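Scroll down for the structure; my scribbles are underneath it.
There are 2 protein chains.
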Amino acid sequence: MDVLVVGANGQVGKLLVNMLRDSQEHTVKARVRKEEQAEAFRKMEVEVAVACLEQSVEDIAQAARGCNAIVFTAGSGRSTGYDKTLLIYLDGAVKTIEAAEKVGIKRFIMVSAIQAHRRENWHEKMLPYYAAKYYADKMLEQTELTYTIIRPGGLLSEPGTGMITAASDIRSGKIPREDVARTIIQCLTEENTYYQSFDLVSGDVPIEKALKVL
Amino acid sequence: MDVLVVGANGQVGKLLVNMLRDSQEHTVKARVRKEEQAEAFRKMEVEVAVACLEQSVEDIAQAARGCNAIVFTAGSGRSTGYDKTLLIYLDGAVKTIEAAEKVGIKRFIMVSAIQAHRRENWHEKMLPYYAAKYYADKMLEQTELTYTIIRPGGLLSEPGTGMITAASDIRSGKIPREDVARTIIQCLTEENTYYQSFDLVSGDVPIEKALKVL
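The structure is reproduced here in structure tokens:
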């Protein structure tokens, strides 16, 4: 597939772009917020689109043209306020969804957060973040897009193992970002993940197999 | 109808509670956030329920029992941060919607904000507020409830005139809170407003008539 990675400059995003660039199956376009972030990708010979999620749906759609899948893994960064939590994680995500619809991109993978679908399990110290993810996921589920919502546990920087547990309801856990990126790529064409939402943590089943028995 | 006013301590809320208390057609229950806010309503011989919108759906549902209509006009107050914008205006509203569904209350009136349905017209300095209202309204429209979404223009404290303009798309305008409260009450039983969303400003048509020709 021709994949637009929204949030390419993030930690999961960077891993994902690298893997997609090296894959035989897919091509990748990195969407970043600022021109300064674009150069590193160009040096890696990765196509880049610069568009901020606070811009219009039309601008975001422009960046998505030519792709047939979108992975949304953008964040508002650590140093921004809750206004950006709302405007990036929720409204930015939904504008990206609307951009997909506008351009005719059907495949949409959302990177959410473990237990975001269960308000009673939202992390006490991150309620606004979870609320934003919850509603973004809800909005996606109500579209006609071929969505997959991946809700990873606590993200680790250590190397991946390729072994996961994926299920509709996992209370807690952690997972290396590398395994999240691998899972996203596997989901792109794994039809068993279409219209599915699931929690994702490290486990003892190979990614490919785990996604087939979701 | 037996009306629960969520946000009874707000400026529109207080006017609404007073009008409902004095009406022949309706009874009112005032929902407030804190016990300290309850006393003033009890002195007015208005039934009160104390429940915070950051509590569980079950707690909010408990406060709604015995009513057959809900008006949501709650805010997070002027002095709170954008975290509360998200948690009260959006998640608090949706929890109230879920509480209505839980208790079997069908009639739901949401007080939103003018042009909240058009992202391109959101007030530049109030983007998080508009985003929260937008998604709360979206979530309500997707329920099975008999909803009405009222999007008033800039709120004035001056006395109402009883004359309004109500339409699906009014770019800007103002309206006295008193006329907003009157419009809400008229909507409660005006079937022409069921499943409708509209902007509301001061105008030259009597409220009752304006709502019949929406």
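Listed in order, the protein sequences are those of chains U and D. Counting from 1, position 25 in the first sequence corresponds to residue 25 in the UniProt record's numbering; the numbering is continuous, with no gaps. Counting from 1, position 206 in the second sequence corresponds to residue 206 in the UniProt record's numbering; the numbering is continuous, with no gaps. Even glycine gets a Cβ: it sits at the ideal position worked out from N, Cα and C. Predicted, not measured: the structure shown is a model, and the values here were computed from it.
Under a criterion of Cβ atoms nearer than 8 Å, no residue of chain D is adjacent to residue 186 (chain U); the nearest Cβ is some 31 Å distant. Between the C-alpha atoms of residue 110 (chain U) and residue 141 (chain U) there is a straight-line separation of about 10 Å. No Cβ of chain U is located within less than 8 Å of the beta carbon of residue 200 (chain D).
Taking a beta-carbon distance threshold of 8 Å, residue 80 (chain D) does not count as an interface residue toward chain U. By the C-beta criterion, the segment 152 to 167 of chain D is judged to be in contact with the segment 175 to 195 of chain D, since at least 3 inter-stretch pairs fall below 8 Å. Within the same chain, and ignoring the five residues on either side of residue 2 (chain U) in sequence, the residues whose Cβ sits closer than 6 Å to its Cβ are 27, 67 and 68. Per DSSP, reduced to three states, the secondary structure at residue 171 (chain U) is coil, with no helix or strand assignment. Leaving aside the five residues that flank residue 168 (chain D) on each side, the residues in its chain whose CB is nearer than 6 Å to its CB run, in chain order, 198. In the DSSP assignment, residue 110 (chain D) falls within the beta strand (DSSP E) that extends over 107 to 111. Annotation for residue 90 (chain D): 132, 135 and 136 place their beta carbon closer than 7 Å to its own, counting only its chain and skipping 5 residues before and after. The C-beta of residue 85 (chain U) comes closer than 8 Å to at least one C-beta of chain D. The C-beta of residue 51 (chain D) comes no closer than 8 Å to any C-beta of chain U. Taking 7 Å as the upper bound on Cβ-Cβ separation, chain U lies near residues 87, 90 and 91 of the segment 87 to 98 of chain D. Note that the C-beta distance between residue 114 (chain U) and residue 170 (chain U) is below 8 Å. Distance from residue 12 (chain D) to residue 70 (chain D) at the Cβ level is roughly 14 Å; contact not present, criterion being Cβ atoms closer than 8 Å. The DSSP-derived three-state label of residue 36 (chain D) is helix.
Look at the beta carbons and you see the segment 80 to 97 of chain D touching the segment 40 to 54 of chain D: at least three pairs across the two are nearer than 8 Å. Distance from the Cα of residue 148 (chain U) is smallest, within the candidate group U:24, U:72 and U:18, for U:72. Counting along the chain, residue 61 (chain D) sits inside the alpha helix (DSSP H) bounded by residues 57 to 64.
Annotated three-state conformation of residue 114 (chain U) is coil, per DSSP. Looking at the backbone, the Cα of residue 31 (chain U) and that of residue 95 (chain U) are separated by about 14 Å. If you draw a 10 Å sphere on the C-beta of residue 22 (chain D), you find fewer than 16 other C-beta atoms in it, and that means exposed. Cβ proximity to chain U below 7 Å picks out 127, 128, 131, 132 and 135 from the segment 122 to 135 of chain D. Under the three-state reduction of DSSP, residue 195 (chain U) is assigned to coil, being neither helix nor strand. Straight across, the Cα-Cα distance linking residue 139 (chain U) with residue 43 (chain U) is about 36 Å. Straight across, the Cα-Cα distance linking residue 29 (chain U) with residue 165 (chain U) is about 29 Å.
By the beta-carbon neighbour count (other beta carbons within 10 angstroms, threshold 16), residue 193 (chain U) is buried.
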